[in-house]
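According to the working numbering, the sequence shown is numbered sequentially starting from 121.
Heads up, the beta-carbon is just placed ideally off N, CA and C, and yes, glycines get one too.
Keep in mind that this is a model prediction, so the values were computed, not measured.
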Amino acid sequence: MPLACPVWGDSPPNIVFFLVDDMGWQDTSEPFHTEATELNRRYQTPNMERLADRGMKFTQAYACSLCSPTRVSLMTGMNAARHRVTNWTLRKDKSPDPEHPDLIIPKWNVNGLSPVEGIDRTVTAKTLPMFLQEAGYRTIHVGKAHWGAEGTPGADPTHLGFDVNIAGHCAGGPGSYWGLKNFSAAWRDGDRIWDVPGLDQYHGKDIYLTEALTLEANRAMEEAVAAGKPFYLYMSHYAIHAPWEKDDRFYQKYKDQGLPDLEATYASMIEGMDKSLGDILANIDRLGIGEDTI
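This is the structure we're talking about:
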(Lines of atoms letter the chains of each structure in order from A and count residues from 1; the text may use other names and numbers.)
(Lines give C-alpha, C1' and ligand atoms only; values in the text may rest on other atoms or scores of the structure.)
Protein backbone atom coordinates (compact mmCIF):
# COMPACT_ATOMS: atom_id res chain seq x y z
CA MET A 1 0.00 0.00 0.00
CA PRO A 2 2.29 2.80 -1.21
CA LEU A 3 1.76 6.35 -0.05
CA ALA A 4 0.46 8.80 -2.61
CA CYS A 5 3.29 11.16 -3.43
CA PRO A 6 4.14 14.20 -5.57
CA VAL A 7 6.54 14.37 -8.50
CA TRP A 8 10.15 15.04 -7.49
CA GLY A 9 12.70 17.24 -9.18
CA ASP A 10 16.44 16.81 -8.80
CA SER A 11 16.25 15.41 -5.26
CA PRO A 12 15.41 11.71 -5.17
CA PRO A 13 12.68 10.65 -2.72
CA ASN A 14 13.27 8.66 0.41
CA ILE A 15 11.83 5.15 0.19
CA VAL A 16 10.38 3.09 3.04
CA PHE A 17 9.62 -0.55 2.27
CA PHE A 18 7.63 -2.10 5.14
CA LEU A 19 7.52 -5.89 4.98
CA VAL A 20 5.56 -8.21 7.28
CA ASP A 21 6.18 -11.94 7.54
CA ASP A 22 3.58 -14.75 7.52
CA MET A 23 0.59 -12.40 7.72
CA GLY A 24 -2.66 -13.58 6.15
CA TRP A 25 -4.58 -11.33 3.78
CA GLN A 26 -7.45 -11.06 6.27
CA ASP A 27 -5.26 -10.47 9.33
CA THR A 28 -5.92 -6.74 9.38
CA SER A 29 -8.83 -4.39 9.99
CA GLU A 30 -8.30 -3.06 6.45
CA PRO A 31 -10.41 -5.27 4.12
CA PHE A 32 -8.75 -6.66 1.01
CA HIS A 33 -12.11 -7.85 -0.35
CA THR A 34 -15.33 -6.11 -1.33
CA GLU A 35 -16.57 -6.37 2.26
CA ALA A 36 -15.05 -6.88 5.69
CA THR A 37 -14.66 -10.43 6.94
CA GLU A 38 -14.93 -11.83 10.45
CA LEU A 39 -11.14 -11.72 10.78
CA ASN A 40 -11.05 -8.10 9.58
CA ARG A 41 -13.38 -7.29 12.46
CA ARG A 42 -11.19 -9.18 14.94
CA TYR A 43 -7.89 -7.37 14.40
CA GLN A 44 -7.10 -3.72 15.04
CA THR A 45 -4.65 -2.19 12.58
CA PRO A 46 -5.57 1.51 12.37
CA ASN A 47 -2.26 2.50 10.80
CA MET A 48 -2.72 0.09 7.92
CA GLU A 49 -6.17 1.62 7.45
CA ARG A 50 -4.67 5.10 7.43
CA LEU A 51 -2.00 4.12 4.92
CA ALA A 52 -4.63 2.56 2.65
CA ASP A 53 -6.71 5.75 2.82
CA ARG A 54 -3.71 7.88 1.84
CA GLY A 55 -2.32 5.64 -0.88
CA MET A 56 -3.13 2.77 -3.21
CA LYS A 57 -4.16 -0.75 -2.26
CA PHE A 58 -3.55 -3.78 -4.46
CA THR A 59 -5.99 -6.65 -3.90
CA GLN A 60 -4.90 -9.03 -6.68
CA ALA A 61 -1.23 -9.46 -5.78
CA TYR A 62 0.40 -12.80 -5.06
CA ALA A 63 3.60 -13.95 -3.40
CA CYS A 64 5.34 -17.24 -2.77
CA SER A 65 4.09 -18.91 0.37
CA LEU A 66 7.60 -19.19 1.83
CA CYS A 67 10.11 -16.71 3.24
CA SER A 68 13.25 -16.84 1.11
CA PRO A 69 11.62 -17.21 -2.35
CA THR A 70 9.55 -14.06 -1.92
CA ARG A 71 12.44 -12.11 -0.42
CA VAL A 72 14.83 -13.01 -3.22
CA SER A 73 12.17 -11.97 -5.75
CA LEU A 74 11.80 -8.58 -4.05
CA MET A 75 15.56 -8.04 -4.20
CA THR A 76 16.08 -9.18 -7.79
CA GLY A 77 12.81 -8.74 -9.65
CA MET A 78 12.91 -12.40 -10.66
CA ASN A 79 10.13 -14.92 -10.27
CA ALA A 80 10.99 -17.87 -8.04
CA ALA A 81 10.78 -20.21 -11.01
CA ARG A 82 13.65 -18.23 -12.52
CA HIS A 83 15.87 -17.62 -9.49
CA ARG A 84 15.16 -21.16 -8.23
CA VAL A 85 15.25 -20.31 -4.53
CA THR A 86 12.05 -22.25 -4.06
CA ASN A 87 12.16 -23.03 -0.34
CA TRP A 88 13.45 -21.37 2.80
CA THR A 89 17.19 -21.32 3.29
CA LEU A 90 19.24 -21.77 6.46
CA ARG A 91 22.30 -24.04 6.45
CA LYS A 92 24.83 -24.12 3.63
CA ASP A 93 24.26 -26.87 1.08
CA LYS A 94 21.39 -28.34 3.10
CA SER A 95 17.74 -28.40 2.09
CA PRO A 96 14.99 -28.25 4.72
CA ASP A 97 13.05 -30.77 2.63
CA PRO A 98 12.85 -34.16 4.36
CA GLU A 99 13.99 -37.22 2.51
CA HIS A 100 11.15 -39.08 0.81
CA PRO A 101 11.30 -42.77 -0.08
CA ASP A 102 9.31 -42.39 -3.29
CA LEU A 103 9.99 -38.85 -4.50
CA ILE A 104 13.05 -37.25 -6.01
CA ILE A 105 12.84 -33.59 -5.04
CA PRO A 106 14.17 -31.27 -7.77
CA LYS A 107 17.44 -29.49 -7.07
CA TRP A 108 17.00 -25.87 -6.14
CA ASN A 109 19.24 -23.04 -4.96
CA VAL A 110 19.45 -24.06 -1.31
CA ASN A 111 22.10 -21.41 -0.59
CA GLY A 112 19.89 -18.54 -1.71
CA LEU A 113 21.00 -15.22 -3.15
CA SER A 114 24.67 -14.34 -3.67
CA PRO A 115 26.29 -11.08 -4.78
CA VAL A 116 29.22 -12.95 -6.33
CA GLU A 117 29.63 -15.83 -8.75
CA GLY A 118 31.11 -19.13 -7.71
CA ILE A 119 28.92 -20.07 -4.75
CA ASP A 120 27.31 -23.41 -5.52
CA ARG A 121 23.53 -23.54 -5.68
CA THR A 122 22.91 -19.81 -5.46
CA VAL A 123 21.39 -17.25 -7.77
CA THR A 124 23.73 -14.34 -8.50
CA ALA A 125 22.14 -10.98 -9.18
CA LYS A 126 22.57 -7.26 -8.72
CA THR A 127 20.04 -6.24 -6.10
CA LEU A 128 17.73 -3.26 -5.76
CA PRO A 129 19.73 -1.71 -2.88
CA MET A 130 22.90 -2.00 -4.97
CA PHE A 131 21.28 0.14 -7.66
CA LEU A 132 20.08 2.59 -5.02
CA GLN A 133 23.57 2.85 -3.54
CA GLU A 134 24.84 3.86 -6.98
CA ALA A 135 22.12 6.53 -7.09
CA GLY A 136 23.40 8.08 -3.86
CA TYR A 137 21.05 6.52 -1.34
CA ARG A 138 21.91 5.44 2.17
CA THR A 139 20.51 1.92 2.26
CA ILE A 140 19.25 0.62 5.60
CA HIS A 141 18.20 -2.91 6.45
CA VAL A 142 16.31 -3.51 9.68
CA GLY A 143 14.97 -6.87 10.84
CA LYS A 144 14.65 -10.16 9.02
CA ALA A 145 16.93 -10.79 6.03
CA HIS A 146 16.82 -14.52 5.15
CA TRP A 147 18.34 -14.25 1.67
CA GLY A 148 21.33 -16.54 1.97
CA ALA A 149 22.37 -19.65 3.86
CA GLU A 150 24.67 -19.54 6.88
CA GLY A 151 28.30 -19.05 5.86
CA THR A 152 27.52 -17.62 2.41
CA PRO A 153 27.94 -13.97 1.35
CA GLY A 154 24.18 -13.56 0.93
CA ALA A 155 23.58 -14.17 4.64
CA ASP A 156 24.92 -10.66 5.38
CA PRO A 157 22.77 -7.78 4.09
CA THR A 158 25.84 -5.53 3.78
CA HIS A 159 27.04 -7.83 0.99
CA LEU A 160 23.79 -7.27 -0.88
CA GLY A 161 23.82 -3.49 -1.09
CA PHE A 162 22.93 -2.28 2.39
CA ASP A 163 25.11 0.33 4.08
CA VAL A 164 23.52 -0.48 7.43
CA ASN A 165 22.38 -3.85 8.75
CA ILE A 166 20.39 -4.05 11.96
CA ALA A 167 19.46 -7.55 13.16
CA GLY A 168 19.52 -9.34 9.80
CA HIS A 169 21.24 -12.69 9.20
CA CYS A 170 20.67 -16.16 7.74
CA ALA A 171 17.72 -17.25 9.88
CA GLY A 172 14.10 -16.50 9.11
CA GLY A 173 12.68 -16.58 12.63
CA PRO A 174 13.84 -15.12 15.95
CA GLY A 175 15.01 -17.17 18.89
CA SER A 176 12.51 -15.18 20.91
CA TYR A 177 10.55 -11.94 20.58
CA TRP A 178 11.30 -11.03 24.19
CA GLY A 179 14.18 -8.79 25.17
CA LEU A 180 14.11 -10.41 28.61
CA LYS A 181 15.17 -13.60 26.81
CA ASN A 182 17.81 -11.73 24.77
CA PHE A 183 15.88 -12.56 21.57
CA SER A 184 17.55 -15.96 21.88
CA ALA A 185 16.37 -19.55 21.56
CA ALA A 186 18.60 -20.59 24.49
CA TRP A 187 15.82 -20.33 27.07
CA ARG A 188 13.73 -22.96 25.21
CA ASP A 189 16.76 -25.13 24.44
CA GLY A 190 16.44 -24.17 20.80
CA ASP A 191 19.13 -24.00 18.15
CA ARG A 192 21.20 -20.84 18.64
CA ILE A 193 21.22 -20.22 14.89
CA TRP A 194 17.88 -18.48 15.51
CA ASP A 195 19.33 -15.88 17.92
CA VAL A 196 18.73 -12.36 16.60
CA PRO A 197 22.08 -10.54 16.19
CA GLY A 198 23.03 -6.95 16.82
CA LEU A 199 20.52 -5.96 19.49
CA ASP A 200 22.65 -6.44 22.60
CA GLN A 201 21.57 -3.06 23.98
CA TYR A 202 18.07 -4.48 24.52
CA HIS A 203 19.13 -7.74 26.17
CA GLY A 204 17.54 -8.27 29.56
CA LYS A 205 15.04 -5.48 28.99
CA ASP A 206 11.28 -5.73 28.94
CA ILE A 207 10.89 -4.88 25.27
CA TYR A 208 9.32 -6.73 22.38
CA LEU A 209 11.42 -7.40 19.27
CA THR A 210 9.02 -5.50 17.00
CA GLU A 211 9.39 -2.41 19.18
CA ALA A 212 13.18 -2.69 19.39
CA LEU A 213 13.45 -2.90 15.60
CA THR A 214 11.17 0.11 15.22
CA LEU A 215 13.32 2.21 17.55
CA GLU A 216 16.41 1.26 15.57
CA ALA A 217 14.71 2.01 12.24
CA ASN A 218 13.65 5.46 13.40
CA ARG A 219 17.15 6.18 14.68
CA ALA A 220 18.67 5.12 11.34
CA MET A 221 16.24 7.37 9.46
CA GLU A 222 17.14 10.30 11.68
CA GLU A 223 20.85 9.76 11.03
CA ALA A 224 20.30 9.69 7.27
CA VAL A 225 18.27 12.90 7.37
CA ALA A 226 20.92 14.60 9.53
CA ALA A 227 23.54 13.59 6.96
CA GLY A 228 21.47 15.06 4.14
CA LYS A 229 21.23 11.71 2.36
CA PRO A 230 18.18 10.23 0.67
CA PHE A 231 17.53 6.86 2.26
CA TYR A 232 16.04 3.50 1.45
CA LEU A 233 14.69 1.85 4.59
CA TYR A 234 13.93 -1.84 4.20
CA MET A 235 11.89 -2.36 7.38
CA SER A 236 11.44 -6.12 7.49
CA HIS A 237 9.79 -7.39 10.65
CA TYR A 238 10.33 -10.88 11.99
CA ALA A 239 6.67 -10.73 13.04
CA ILE A 240 4.44 -12.54 12.61
CA HIS A 241 6.68 -15.55 12.05
CA ALA A 242 6.96 -18.28 14.69
CA PRO A 243 7.64 -18.53 17.59
CA TRP A 244 4.29 -17.05 18.57
CA GLU A 245 4.94 -15.10 21.74
CA LYS A 246 2.52 -12.58 23.13
CA ASP A 247 3.12 -8.87 22.95
CA ASP A 248 1.96 -7.77 26.40
CA ARG A 249 1.12 -4.30 25.13
CA PHE A 250 -1.89 -5.71 23.26
CA TYR A 251 -2.45 -9.28 24.43
CA GLN A 252 -5.01 -8.73 27.20
CA LYS A 253 -7.48 -6.80 25.04
CA TYR A 254 -7.81 -9.82 22.76
CA LYS A 255 -8.08 -12.25 25.66
CA ASP A 256 -10.89 -10.07 27.01
CA GLN A 257 -12.69 -10.60 23.70
CA GLY A 258 -12.76 -14.32 24.48
CA LEU A 259 -10.03 -15.44 22.10
CA PRO A 260 -7.99 -18.55 22.98
CA ASP A 261 -4.43 -17.95 24.12
CA LEU A 262 -2.76 -18.68 20.78
CA GLU A 263 -5.17 -16.52 18.80
CA ALA A 264 -4.86 -13.66 21.29
CA THR A 265 -1.08 -13.99 21.05
CA TYR A 266 -1.20 -13.86 17.26
CA ALA A 267 -3.51 -10.83 17.34
CA SER A 268 -1.19 -9.03 19.75
CA MET A 269 1.72 -9.60 17.37
CA ILE A 270 -0.29 -8.14 14.50
CA GLU A 271 -1.23 -5.03 16.44
CA GLY A 272 2.38 -4.60 17.55
CA MET A 273 3.40 -4.64 13.90
CA ASP A 274 0.74 -2.04 13.11
CA LYS A 275 2.00 0.18 15.93
CA SER A 276 5.45 -0.03 14.36
CA LEU A 277 4.00 1.20 11.08
CA GLY A 278 2.35 4.10 12.88
CA ASP A 279 5.53 4.99 14.75
CA ILE A 280 7.55 5.06 11.53
CA LEU A 281 4.95 7.20 9.76
CA ALA A 282 4.89 9.56 12.75
CA ASN A 283 8.67 9.85 12.68
CA ILE A 284 8.59 10.69 8.98
CA ASP A 285 6.15 13.50 9.75
CA ARG A 286 8.21 14.67 12.74
CA LEU A 287 11.33 14.87 10.57
CA GLY A 288 9.43 16.96 8.03
CA ILE A 289 10.10 14.57 5.16
CA GLY A 290 6.57 13.36 4.50
CA GLU A 291 6.38 15.09 1.11
CA ASP A 292 9.74 13.61 0.13
CA THR A 293 9.09 9.99 1.06
CA ILE A 294 7.47 7.09 -0.73
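Inter-residue spacing [alpha-carbon to alpha-carbon] between residue i and residue j
{"i": "Ala359", "j": "Pro132", "result": "30 Å"}
{"i": "Gly281", "j": "Asp376", "result": "45 Å"}
{"i": "Ala402", "j": "Asn134", "result": "15 Å"}
{"i": "Glu367", "j": "Asp130", "result": "At residue 367 the sequence reads Asp, which differs from the Glu that was named. Cα to Cα, Asp367 sits roughly 43 Å from Asp130."}
{"i": "Asp173", "j": "Gln164", "result": "15 Å"}
{"i": "Thr413", "j": "Val345", "result": "12 Å"}
{"i": "Pro122", "j": "Glu365", "result": "The predicted position of Pro122 is uncertain, since its pLDDT is 47 and thus under 50; no value can be drawn from it."}
{"i": "Glu270", "j": "Gly232", "result": "10 Å"}
{"i": "Ile225", "j": "Arg339", "result": "45 Å"}
{"i": "Ser396", "j": "Pro221", "result": "45 Å"}
Sequence-distant residues of its chain with Cβ nearer than 8 Å to residue i (five each side left out)
{"i": "Gly398", "result": "Pro166, Asn167, Arg170"}
{"i": "Asp240", "result": "Asp213, Asn231"}
Inter-residue CB distance, residue i and residue j (contact presumed, cutoff 8 Å)
{"i": "Met355", "j": "Ile400", "result": "7 Å"}
{"i": "Gly66", "j": "Thr242", "result": "The first residue shown for the chain is 121 and the last is 414, placing residue 66 beyond what the model contains."}
{"i": "Leu329", "j": "Phe303", "result": "6 Å"}
Beta-carbon contacts of residue i that lie in its chain and below 7 Å, excluding the five residues immediately before and after
{"i": "Ala305", "result": "Gly295, Ser296, Asp311, Arg312, Trp314, Asp315"}
{"i": "Gly318", "result": "Ile286, Ala287"}
Contacting residues, own chain, Cβ-Cβ under 6 Å from residue i (five flanking each side not counted)
{"i": "Arg369", "result": "none"}
{"i": "Gly256", "result": "none"}
heavy atom of the ligand SAM below 7 Å from residue i C-beta
{"i": "Leu223", "result": "Ligands displayed in this structure: none; no statement on the ligand SAM is therefore possible."}
4 or more residues per run - each alpha helix (DSSP H) lying fully within the stretch 175-204: 187-196, 200-203
Any beta strand (DSSP E) of 3 or more consecutive residues that is wholly inside the stretch 271-305: 284-286
Any 3 or more C-beta pairs closer than 8 Å across the stretch 359-371 and the stretch 381-400: yes
At least 3 beta-carbon pairs within less than 8 Å: the stretch 134-153 vs the stretch 344-352: yes
Stretch-stretch touch, CB-based, cutoff 8 Å, three pairs: the stretch 192-205 with the stretch 256-264: no
Inter-stretch contact (C-beta, 8 Å, three-pair minimum) for the stretch 145-162 and the stretch 206-218: no
contact_flag[the stretch 273-288, the stretch 240-250] where n(CB pairs < 8 Å) is 3 or more: yes
Runs of beta strand (DSSP E) lying entirely within the stretch 306-369, each at least 3 residues, in chain order: 351-356
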